[in-house]
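Chains as they are written, first to last, in the numbering used here: chain H, 1 to 185; chain Z, 1 to 185. In what follows, a structure is listed as structure tokens, so that the remarks can point back to it.
2 protein chains.
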Amino acid sequence: MSEPKTDPRILRTRKLIMDSFIELSEEKEFKDITIKDITSKAMINRATFYYHFQDIYDLLERALSEVLLINLDYSTYGESELNNEDFVSIFKAIADFQQSLSHRCHRGYEDTIARIIREQLYVIFFKMLQKKHPNEKEKTLKLTATMLSWGIYGASVEWRKNNSSMAPEEFIESAIPFIKQGIEL
Amino acid sequence: MSEPKTDPRILRTRKLIMDSFIELSEEKEFKDITIKDITSKAMINRATFYYHFQDIYDLLERALSEVLLINLDYSTYGESELNNEDFVSIFKAIADFQQSLSHRCHRGYEDTIARIIREQLYVIFFKMLQKKHPNEKEKTLKLTATMLSWGIYGASVEWRKNNSSMAPEEFIESAIPFIKQGIEL
DNA sequence: TCAGTTGTGTTGTATAAACAACATATCCAA
DNA sequence: TTGGATATGTTGTTTATACAACACAACTGA
């Protein structure tokens, strides 16, 4: 028990920053977004940004994990089903997020963003696998999570290449049987 | 010169409060809105509300004047035209505001709200009249502003009685010639 | 009628956020 | 190449906000 209870000001400020960042991402591409842009929109001081985030990549990372968690059904996440709906919603979240991040090509940042996305996916998959297969060796679960994170990310790259001629849900649907085969271990 | 520059936190907090109040007004009627409702939605402490506003009526008052000023074309307001468009936009703002405030009848608060609305209208009309007729006696301008505020408010009551079967713009249009005759002094 | 609940308004103290000033890095055009 | 402009981080001090606790008013239903 005994949660420390975070100060509401902290929650509010982080929310303001994240929301502003998401909105800005829909307006222009990642590399053109400055800290000042974000803090102006959020109506907070630039120095306060650094009180909460190390840099803009830290923000990206946390915004992404936020988006992923929100899109996942919390109860399902807790219950560790890792079923079809989970894959679809994770993929959809990633696809949407990338869509909003990159309105145009942006060389030189893709790698960083890609890494961050994969890391977040990895964390989520690993947790879910741990609950689904509690007796499996950690090494195996980690490897599976790694492969899943790369696989899902790759699928989103592929989807983006076809320029969303298909809904993300529809796109990933066909791949799910193969994924599920893989994770039965 | 020399503006004191208000602390951004103050501006931000007031905005959060006002926005939350406006949103809540669209969900339920005025008498059912508590300070806690507002501050929860705004993610601020209840005590902070009292740092900025005396009570909920003070908030109502300032939210209203905010709404009115935003709906008025700033440049026009500065230039003191007091023309047809001004009347239409003021009436529309009042009508919309009342619409959002009172989703159902709420006895016992109507008088207070009505008074607040008229007071705000009075202030705006008086300022505009002063600029349009700088040489006129103050007493005359005040009386005119009073009559205009009551008149416009009365029109909004009448409009609401017909339950918005007509757009506010259309409704007030027909009355404008008579109003304008009155203010030529 | 009265007790329980809910809302209002206030106060002293702890803390997050604003600010200004600074150093450093990056970029770009002259 | 240089210098001006713009962006990133950092720090010490001031100030707005959170919090907890309180008194009190208004309502409710038993």
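The beta-carbon is built from N, C-alpha and C at its ideal position, and this holds for glycine as well.
Excluding residues up to 5 positions away in sequence, 152, 155, 156, 168, 172 lie with their Cβ nearer than 7 Å to the Cβ of residue 91 (chain Z) in the same chain.
Among the residues facing chain H, residue 12 (chain Z) is included, as its CB has a counterpart in that chain under 7 Å away.
One finds 8, 11, 12, 15 in chain Z with Cβ atoms closer than 8 Å to the Cβ of residue 43 (chain H), taken in chain order.
Check the Cα spacing between residue 116 (chain Z) and each of Z:56, Z:52, Z:17, Z:46: the tightest is with Z:56. Between the C-alpha atoms of residue 161 (chain H) and residue 7 (chain Z) there is a straight-line separation of about 47 Å.
The C-beta distance from residue 150 (chain H) to residue 95 (chain H) rounds to 16 Å, too long to fall under 8 Å, and the pair is not in contact.
Collapsing the DSSP output to three states places residue 133 (chain Z) in coil. DSSP places residue 41 (chain Z) inside the alpha helix (DSSP H), whose first and last residues are 35-42. In the displayed model, residue 82 (chain H) falls within coil according to three-state DSSP, outside both helix and strand. Using a Cβ distance threshold of 7 Å, residue 21 (chain Z) and residue 38 (chain Z) count as a contacting pair. Counting the other Cβ atoms within 10 Å of the Cβ of residue 166 (chain Z) gives fewer than 16, which makes it exposed. For residue 71 (chain Z), the enclosing alpha helix (DSSP H) covers residues 56-71. Here the alpha carbon of residue 86 (chain Z) sits roughly 58 Å from the alpha carbon of residue 123 (chain H). Judged by DSSP in its simplified three-state form, residue 7 (chain Z) adopts coil rather than helix or strand. Setting aside the 5 residues that flank it on each side, residue 17 (chain Z) is surrounded in the same chain by 38, 39, 42, 44, 49, 52, 53, 59, each with a C-beta closer than 8 Å to its C-beta; the list follows chain order. Closest in C-alpha terms to residue 65 (chain Z), from the list Z:140, Z:119, Z:170, comes Z:119.
Shown here for residue 13 (chain H): same chain residues with a beta carbon closer than 7 Å to its own, the five before and five after excluded, namely 44, 48, 52 in chain order. Burial state of residue 70 (chain Z) is exposed, judged by a 10 Å Cβ sphere holding fewer than 16 other Cβ atoms. DSSP, reduced to helix, strand and coil, places residue 139 (chain H) within a helical segment of the structure shown. For residue 29 (chain Z), there is no enclosing alpha helix (DSSP H), since its DSSP letter is neither H nor E. Across the set Z:10, Z:84, Z:26, the C-alpha of Z:84 shows the shortest separation from the C-alpha of residue 174 (chain Z).
In the DSSP annotation of this structure, the continuous segment of the alpha helix (DSSP H) that includes residue 171 (chain H) starts and ends at 168-173.
Taken through DSSP and simplified to helix, strand or coil, residue 53 (chain Z) comes out as coil.
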